[in-house]
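Below is one structure, written out as structure tokens; comments come after it.
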Amino acid sequence: MSSLVRCGISADAGLLIDDFINFLIMARPPQVVNEKTLSQKIEKKHDDLYQLFFYLFIFRKKITQHSSMFLSRLQILREREWILTNGLGGYALGFGDLLPKRKYNGLLIAGMAAMKRIHVLSSLEERVESSQGTFFLDATSYGDVIHPRGHEHLVNVGLRPYPSFLFSSRPYSSRCLLLKEVLLTPGMNAVVISYTNLGKDAIQLGLRPKFTLRDHHGLIPPGMWDRVPVHVDIDGPQFKLTREDSGFRVYGYVEHGKVIRDQVIYRSVHYPLEALRGYDSIEDLIAPVAIEMTLQSQSKTSLLISTEPQSDPAKVVEKTYQHDQTFPVPKDAPARRTLKPFRGDVDPPRKQYEREDYLAVLSQMASECVLEDHDVCAGYPWFGAWGRDTLICLLSFGVLPDGKEKAVALLKKYGAALRQGLLPNTFGEGGEGQNFDSIDAPLWYVINGFLHAPKDHTIWQHIQAIIVHFIHSHHDLFLVGDDGLIEIRPSSKAMTWMDAIVFGQPVTPRFGKPVEINALWINALETALQLAKQNSAKGLESDSLRISLPDLARLLKAARTSFKMFIGPDFLADRLEEGTPVWEPRPNAVIAAALPFDVVDGEALRMIWMKAKAELLTPHGLRSLSPMHSAFREKYVGNQKQRDLAYHQGTVWTYLLLFYGRLVMKVFPQKKQAAKELEQAVATLRQMLMNDELASLPEVWDGVRARLPKGCPSQAWSIFAVLEMEHLIEELKYS
């Protein structure tokens, strides 16, 4: 979080000031950025730009030095995102202040067949009438104004195990205290929103559910609800809505309330984060019904919204609550701390979970990414099932309950999707968008097959298909050369995990022979040889293609010999281009060094670790490029083109901690030293999670001065990486 936010300045404003300071540095770069040099520049040149820069620089410095004076739990949580998933690819996503800032924010986004997602329910208008006055709980941005301003009535927020919000009148009064909780029903596209009156007086509660009924990537154009009818059927406490042009239906049920037909259209709702990302950001929402109820002191009511009719909605509500009661609850959760003197806007952050509960929360986060149909959602909200991401996550499935069994089922599903030795990099949403432009996904498949199912005949067949098709490649994407190494041919595709493309061309193309791809290839060959011997096979064959074990062994030997060309004086070359090493300090060397079968000796392993720790390791993960390199980009900001240009040019990736941790285990055979290095690497993320400051782990962070999570707010391989790091620490310290 920006230090400016801690002074009451919004996150967006804080980021703009930070970005402006960075612009001023580039516009008038002092040789050394400190108070003395800046003062000298101002005295000599009387430059207004330097003067402004000086005051902003000192202001930011002072705030950073004394950030603990301004930091509060509520200020942090209002800027952080919460996430719920249902095992079907469906989710609910929002911010701690309940202000929708993304088009993906919503209380119910349904997961349909083949990972298609339908945005169903955005939010609710929530009006409270009490002895302390009338106010609203919700907040909506209309571009130049936020109305109403329910976030100003928040006195406590909880991110886990499900989002919960404690509201009061202004000024705070124990006579008016309302707890709101949001839960998704597991295995069902249904959301439960509950309200508990914890105050001393009765309140009148008026609700208007705001529906979207659209694809979760799209928006409802202004004026569309004037042209597209939504049919309403009301039956006592239950109602059914039908969008008449598509036939899509939504079912609702409310406890202890009256449902009224009273349509309202909320026009020109604005999503500021979409605007900042360069996307369309305005849509209309429709509320076809209103709900009125009276809540006596200490009473509770729930609203259920589902994409399927429920014969016993009260039972669904009960089932939903029972499922989520099994998870750890933060010490300062709104349901636990509701009365004075607690006020979230003055309480500093403190540890919310003990270590055992923290590990359980991490495991819960990872499980939320695993789908019921033997797959993994790469990231919520905008990613679906991605081959590379899934198979990297699979490396750590062993730490999950029933993880081995789930891994085997997933490997069989993915193996059935093989095409000429390649796996889909993306499976698409709703059956659209599948592609086969990942060279590393099938190699990760081979390693996972050996790790999770070395005796499974079906998976062994898939591994053979991958190896022989790579060797006898009949497409134009890559080839295995006479030196035994894989070479990626120039094209418009980005075949490695550094896959950003701008204007049809890869930003970091890595054509030639990438270091981690060839380390994976060597590991795949070693794996295939071991499995062949285990299965008493004389060779590998698939689709009339074949290679004998002696030829496979010779290929492996050639690849190992050729790999020595990657080894430099202090790191590994990122790739070989026409036989020439390209010396870019990237984490791909760490991936290569961390694999099960070593591709370099122990001295080189230590050399790689030292360079990675010095130039790539940050409190949130590993940089994708050393800041010493001329192409390094500090910030992941701007529209899609600007973000993609920075994506793999210095942006920090949390998932890379998985390979850093495995490298540390190789470099330090002494348990005490290894544990120390691992704990240093995860210390910041651990503190944020133990303080309940993050509901999940994001995709990326800025390359320098990272304050806010960036990219996808809940990324599967980030979660699995930290989960494995913590389990490694457990084994080292307590086994």
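Here the sequence shown is numbered in the working numbering, starting from 522 and rising by one per residue.
We treat Cβ as the ideally placed atom computed from N, Cα and C, and that holds for glycine.
The structure presented is a predicted model; accordingly, all values stated were derived computationally and were not measured.
- According to the DSSP assignment, R729 belongs to no alpha helix (DSSP H) but to the beta strand (DSSP E) extending over I724 to D736.
- Following the DSSP letters along the chain, one finds E1008 inside the beta strand (DSSP E) bounded by residues I1007 to I1009.
- Per DSSP, reduced to three states, the secondary structure at R623 is coil, with no helix or strand assignment.
- Within the region 963 to 1027, the complete beta strand (DSSP E) runs of at least 3 residues fall at 999 to 1001 and 1007 to 1009.
- Within 10 angstroms of the beta-carbon of Y874 lie 16 or more other beta-carbons, which makes it buried.
- The residues G1033, in chain order, have a CB closer than 6 Å to that of E1098 in the same chain once the five nearest residues on each side in sequence are set aside.
- Around the beta carbon of A1227, 16 or more other beta carbons lie within 10 angstroms, which makes this residue buried.
- A distance below 7 Å between beta-carbons, with the five flanking residues on each side excluded, links S1217 to the following residues of its chain, in chain order: I604, M886, P1234, S1235 and I1240.
- Residue environment for D997: exposed (fewer than 16 other C-beta atoms within 10 angstroms of its C-beta).
- Straight across, the Cα-Cα distance linking L645 with R729 is about 5 Å.
- For S1239, the secondary structure class from DSSP, reduced to helix, strand or coil, is helix.
- Look at the region 763 to 833 and you find these whole runs of alpha helix (DSSP H), each 4 residues long or longer: 793 to 797.
- From the listed residues T606, R599, G951 and A1196, the smallest Cα separation to Y1255 is found for A1196.
- Under DSSP, no beta-bridge partner is assigned to R691.
- Between the alpha carbons of S994 and C890 lies a gap of roughly 34 Å.
- In the DSSP assignment, T911 falls within the unbroken alpha helix (DSSP H) covering G908 to L915.
- Non-local C-beta neighbours of A1113 in its own chain, meaning closer than 7 Å and more than five positions away in sequence, comprise V1036, E1037, A1040, L1093 and V1120, ordered along the chain.
- Between the beta-carbon of Q985 and that of S1063 there is about 5 Å, and that keeps the pair under the 8 Å contact cut.
- In chain order, H990 place their CB closer than 6 Å to the CB of Q941, counting only its own chain and leaving out the 5 sequence neighbours on each side.
- Distances from the CA of Q1163 to each of S884, L825, G1002 and G799 were compared; the closest alpha carbon is that of G799.
- The beta-bridge partner set that DSSP reports for S1063 consists of L1066.
- When secondary structure is reduced to three states using DSSP, I1038 falls in the helix class.
- Apart from sequence neighbours up to five positions away, the residues of its chain that approach Q817 with a beta-carbon distance below 8 Å are N718 and A723, ordered along the chain.
- In the three-state reduction of the DSSP assignment, Q873 falls in the coil class, being assigned neither a helical nor a strand state.
- Of the other Cβ atoms in all chains shown, 16 or more fall within 10 Å of the Cβ of T1048; this residue is therefore buried.
- Taking all protein chains in view, the Cβ of A1152 is surrounded by fewer than 16 other Cβ atoms within 10 Å, so the residue is classified as exposed.
- Taking C-beta atoms under 8 Å as the contact rule, M1246 and V1203 qualify, at a distance of about 5 Å.
- Inter-segment contact for the region 701 to 720 and the region 828 to 844 is present: three or more beta-carbon pairs are separated by less than 8 Å.
- Per DSSP, reduced to three states, the secondary structure at P1071 is helical.
- Checking the DSSP bridge columns, you'll see W603 partnered with G615.
- When Cβ pairs closer than 8 Å are counted between the two stretches, the region 647 to 654 is seen not to touch the region 738 to 756, the count staying below three.
- Counting along the chain, no alpha helix (DSSP H) covers R670; the unbroken beta strand (DSSP E) around it starts and ends at I667 to R670.
- Residue pairing for N956: DSSP places it in a beta bridge opposite T947.
- With fewer than 16 other Cβ atoms from the protein chains shown falling within 10 Å of its own Cβ, Y663 counts as exposed.
- Separation of F1084 and I1043 (C-alpha to C-alpha, rounded to the nearest whole angstrom) is 9 Å.
- In this structure, DSSP gives V1185 a helical state, which the three-state scheme calls helix.
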